[in-house]
Amino acid sequence: MQLKRLMHKRMPYKKLPRNFYLQPTLHIAQQLIGKYLIRRFGDQRLIGRIVETEAYLGRRDPASHAYRGISKRNAVMFRTGGHAYVYFTYGMHFCINVVTEEEGTGHAVLLRALEPINGFELMMKHRHLTPPDQGNRRPADSDLINLCNGPAKLCQAFGIDRAQNGTDLCGSEIWLAQDAVPAEGQRKSRDSSGKGRRRKANPQENLRIRRSTRIGITSGREHRWRFYVKGSPFVSRGKPVER
DNA sequence: CTCTGGATTAGCT
DNA sequence: GCTAATCCAGAGC
Numbered sequence: 173m174q175l176k177r178l179m180h181k182r183m184p185y186k187k188l189p190r191n192f193y194l195q196p197t198l199h200i201a202q203q204l205i206g207k208y209l210i211r212r213f214g215d216q217r218l219i220g221r222i223v224e225t226e227a228y229l230g231r232r233d234p235a236s237h238a239y240r241g242i243s244k245r246n247a248v249m250f251r252t253g254g255h256a257y258v259y260f261t262y263g264m265h266f267c268i269n270v271v272t273e274e275e276g277t278g279h280a281v282l283l284r285a286l287e288p289i290n291g292f293e294l295m296m297k298h299r300h301l302t303p304p305d306q307g308n309r310r311p312a313d314s315d316l317i318n319l320c321n322g323p324a325k326l327c328q329a330f331g332i333d334r335a336q337n338g339t340d341l342c343g344s345e346i347w348l349a350q351d352a353v354p355a356e357g358q359r360k361s362r363d364s365s366g367k368g369r370r371r372k373a374n375p376q377e378n379l380r381i382r383r384s385t386r387i388g389i390t391s392g393r394e395h396r397w398r399f400y401v402k403g404s405p406f407v408s409r410g411k412p413v414e415r
């Protein structure tokens, strides 16, 4: 399989503003599909396109770390939307959430998988996938697919750990972005061809977004609060809980 | 204080 | 398909 879409074309990215993160969490979880996680790392940028998310709805969600209220571990979840909640799990892994909605709600969206867009070599190095003597070779497709296809994998690839917990995503270390598309009024074409086909500036227009139950949830009735791109080879391998 | 199991992954059968 | 690896938050006593 040729992963030609991995060739990174220079494209302007627009950082998502604070207001984006203050919308309803389920809406954000879906809207994040197709957007980008970007980390400034030294003099380069690691970029991944989000292909899988899960919503966690604070105090009313038994599967959420915020279910039992604020604590030392989850305090960042209760900040205002647009912060990064990074937690440590299974004794060795980190996962990153985007905190959403108003301060005090404890809502968040887990980033579960990314399509690597830029910075493969550094991602591979972080993931310990770089063969020592083959630095300049093009990575194998299987390695690219394995870089960010899980919540802990993408954190490792992006070098995200405890130190990034609480990072303001409206800052300049880690942020989320969308493709910068021309505003409606600035389009060149007048489209007077009579077709009447109005093309909307929608970054998700070519994506087949599906939803399912969340992965790895074993307590309570599970909700269909997971969103992913159908058919993407970059989605994680976890299985939805069906019960 | 001790105990349990987890928003996971890699490696093996 | 199964499970070890390895920390620690939260629960229970």
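First residue of the first sequence? That's 173 in the working numbering, and the numbers climb one at a time after it.
Positions of the beta carbon are idealized from the N, C-alpha and C atoms, including for glycine.
From the options, residue whose alpha carbon lies closest to that of residue i
i	options	result
I210	C327, I346, C342	I346
G291	R310, K402, R284	R310
R334	R245, N246, L194, V258	V258
F399	S384, G410, S408	S384
T252	H237, V271, S236	V271
I289	C267, L282, I317	I317
F266	R232, M296, F330, G403	F330
R212	M295, K402, L282	M295
R393	L198, H199, P234, D215	P234
H237	H199, G263, L282	L282
Y401	R284, K297, R232, E293	It should be noted that the sequence gives Val, not Tyr, for residue 401. Checking every option, the nearest Cα to that of V401 belongs to R284.
Residue i versus residue j - alpha carbon distance
i	j	result
L341	N191	12 Å
S364	G343	With a pLDDT of 46 at S364, under the threshold of 50, the predicted position of this residue should be treated as unreliable, and no value is reported.
L188	L286	17 Å
Q122	R382	With the chain covering 173 to 415 only, the question about residue 122 has no answer from this structure.
R380	K244	38 Å
P184	R217	13 Å
A312	P196	39 Å
R299	Q328	6 Å
P412	A352	33 Å
Y228	S408	18 Å
T339	E377	30 Å
F406	L319	9 Å
K186	A247	28 Å
S404	L198	21 Å
K297	R232	39 Å
G410	G214	32 Å
Rounded Cβ spacing between residue i and residue j (contact assumed at less than 8 Å)
i	j	result
V223	I205	7 Å
R386	E226	5 Å
Y239	G220	Not confirmed; about 29 Å, so no contact.
E274	L194	7 Å
Proximity below 8 Å, CB of residue i to CB of residue j
i	j	result
N321	A256	no
Q350	P323	no
T277	G230	yes
A201	M249	no
I268	I332	yes
D315	L326	no
Residue i in three-state terms, based on DSSP
i	result
K187	strand
E224	strand
F266	strand
G366	Legend: pLDDT at G366 = 45, less than 50; position of this residue unreliable, value from coordinates given subsequently. If DSSP states are grouped into helix, strand and coil, G366 belongs with coil.
Q203	helix
I389	coil
S384	strand
Q336	helix
P311	coil
E414	Caution is warranted here: a pLDDT of 48 is assigned to E414, below 50, making its placement in the model unreliable, and the coordinate value is therefore given only provisionally. Coil at E414, not helix or strand.
P323	helix
R432	Lying outside 173 to 415, the shown extent of the chain, residue 432 is not represented and no answer is given.
T302	coil
E287	strand
Y193	helix
Closer than 7 Å: residue i CB and nearest the ligand ADP heavy atom
i	result
V270	Annotation note on the ligand ADP: not contained in the displayed structure, which lists no ligands.
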